[in-house]
Ligand code: SF4
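Numbering (the UniProt record's numbering), first residue to last: 1 to 334.
1. Any heavy atom of the ligand SF4 inside 6 angstroms of the beta-carbon of residue 291?
2. What residue does the alpha helix (DSSP H) around residue 137 start on, and which one ends it?
3. Nearest to residue 336 by alpha carbon, out of 323, 122, 37 and 20?
4. Can you tell me whether residue 331 is buried or exposed? The criterion is at least 16 other CB atoms within 10 Å of its CB, across all chains shown.
5. Cβ of residue 4 within 6 angstroms of any heavy atom in the ligand SF4?
6. If I follow the unbroken alpha helix (DSSP H) through residue 259, where does it start and stop?
7. My output table needs one value for residue 80: the three-state DSSP class, helix, strand or coil.
8. For the segment 166-181 and the segment 193-212, state whether three or more C-beta atom pairs, one from each stretch, are separated by less than 8 angstroms.
9. Assuming contact is defined by CB atoms lying nearer than 7 angstroms, are residue 341 and residue 214 in contact in what I supplied?
10. Do residue 298 and residue 292 count as a contact pair if the criterion is CB distance below 7 angstroms?
11. Leaving out the 5 sequence neighbours to the left and right, which residues in its chain are closer than 8 angstroms to residue 344 when beta-carbon positions are compared?
12. Should the segment 127-136 be regarded as contacting the segment 83-96, the criterion being three or more beta carbon pairs within less than 8 angstroms?
13. So within the segment 48-92, which uninterrupted alpha helix (DSSP H) runs reach at least 4 residues, ignoring any that extend past its ends?
14. Considering only the beta carbon of each residue, do residue 251 and residue 238 sit closer than 7 angstroms?
15. Suppose the cutoff is 7 angstroms on Cβ atoms and the five residues either side in sequence are ignored; what does the same chain contact list for residue 39 look like?
16. Please work out which residues of its chain come closer than 6 angstroms, Cβ to Cβ, to residue 117, disregarding the five sequence neighbours upstream and downstream, and give them in chain order.
17. What would DSSP say about residue 28, mapped onto helix, strand or coil?
18. When DSSP labels each residue in this structure, what does residue 193 get in the three-state scheme?
19. Along the chain, which unbroken stretches of the beta strand (DSSP E) at least 3 residues long are found entirely within the segment 137-183?
20. Given that a residue counts as buried once 16 or more other Cβ atoms are within 10 Å of its Cβ, and exposed if not, what is residue 102?
21. Any contact of the segment 65-75 with the segment 5-22, i.e. 3+ C-beta pairs under 8 angstroms?
22. Can you grab the Cα-Cα spacing for the pair residue 231 / residue 72, in whole Å?
23. Take every Cβ of the segment 153-166, pair it with every Cβ of the segment 110-130, and state whether three or more of those distances are shorter than 8 angstroms.
24. Beta carbon of residue 193, beta carbon of residue 185: below 7 angstroms?
25. Just to confirm, is the Cβ distance from residue 56 to residue 23 under 7 angstroms?
26. Assign residue 324 to one of three DSSP states: helix, strand, or coil.
27. Can you find the residues in the same chain that come closer than 8 angstroms, C-beta to C-beta, to residue 282, ignoring five residues on each side of it along the sequence?
28. Please determine whether the Cβ atom of residue 298 lies at a distance below 6 angstroms from any heavy atom of the ligand SF4.
29. Would you list the one or two residues that DSSP bridges to residue 335?
30. Nearer than 6 angstroms: is that true of the beta carbon of residue 321 relative to any heavy atom of the ligand SF4?
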């Protein structure tokens, strides 16, 4: 962990057990994010990115037995195995959360001002009057129009964009070191998406908050992230700076994702270029490259052996037998 790492996840595996199956949605994943930095976790549905992103909050799927191994260091404190009362203090305190759907995350029966004030009272020990004043300041900070009136409104009285701003105000109310965002702009129209991304960048500049966000939108990645982790079947396929991963992707899966993006050179009405095949259904731990059935570069070893994530000089770290075989300077990523 470097001095300014806010979150350092090392070799994290998550096993989920139901009465009928054992699943491993996250398998040996490592990443870190520093103050003022944004890490985007990218992947298709079922890649394990949501389970991975909520692990630092101790929020796991309900109705299953969960087993975490590895390490999640937040501000130097180990979160794996932390007791629930301590975890509760960190949730909403040191770590703020922005969900995809603010309507389901906000309390429909409480005014917006009260919901923000409660966080300040609980985590900053403010009096009711101090917390109400802070709620107003935060609504101004997230650039809510007519903030005094918004304080007294209920979530259903706000538009989708204003609800997302209210949720961001709640997420930053306790001055968190880390914001965890789950597809924060997916439910919004394109103009409002750009405003929310601009707001998050502005808040990050002012507050020096670290952000980990999951998204499937490469446009969001390009506009806010400094680093990118590409997930496939519960493992990191590629990990590097946003320039490395978006401009010179090395893993066949990342290259496929980026090649599938619409381009300005596409003829009007051109067919959508999707990745061939479908993502695997998560199951037991893997013993081969999960991308092999969809990969045009697969060789024999891909079906027999799990590729390790390896770094190269001035390039992203990649988990691929073929890519890593042609780069002799690589070392195992730690
Ligand atoms: S390890 Fe093999 S199957 Fe997997 S991405 Fe690389 S070349 Fe393709």
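We treat Cβ as the ideally placed atom computed from N, Cα and C, and that holds for glycine.
Taking the definition as stated:
1. yes
2. 128-141
3. Residue 336 is absent from the model: the chain starts at 1 and stops at 334.
4. Residue placement at residue 331 is flagged as unreliable, the pLDDT there being 45, under the threshold of 50; a coordinate-derived value is accordingly withheld.
5. no
6. 252-259
7. In the displayed model, residue 80 falls within coil according to three-state DSSP, outside both helix and strand.
8. yes
9. Past the edges of the chain, shown from 1 to 334, lies residue 341, and the structure says nothing about it.
10. yes
11. Absent from the structure is residue 344, since the part of the chain shown begins at 1 and ends at 334.
12. In this structure the segment 127-136 does not lie against the segment 83-96, because fewer than three pairs of beta carbons, one per stretch, are closer than 8 angstroms.
13. 49-54 and 84-90
14. yes
15. So the list reads 31, 33, 212, 225, 227 and 229, once near-sequence residues are dropped.
16. 131, 132 and 135
17. strand
18. helix
19. 178-182
20. It counts as buried.
21. yes
22. 18 angstroms
23. yes
24. yes
25. Contact: no.
26. helix
27. 23, 24, 25, 46, 48, 233 and 234
28. yes
29. Residue coverage of the chain in this structure runs from 1 to 334, which leaves residue 335 outside it and unanswerable.
30. yes
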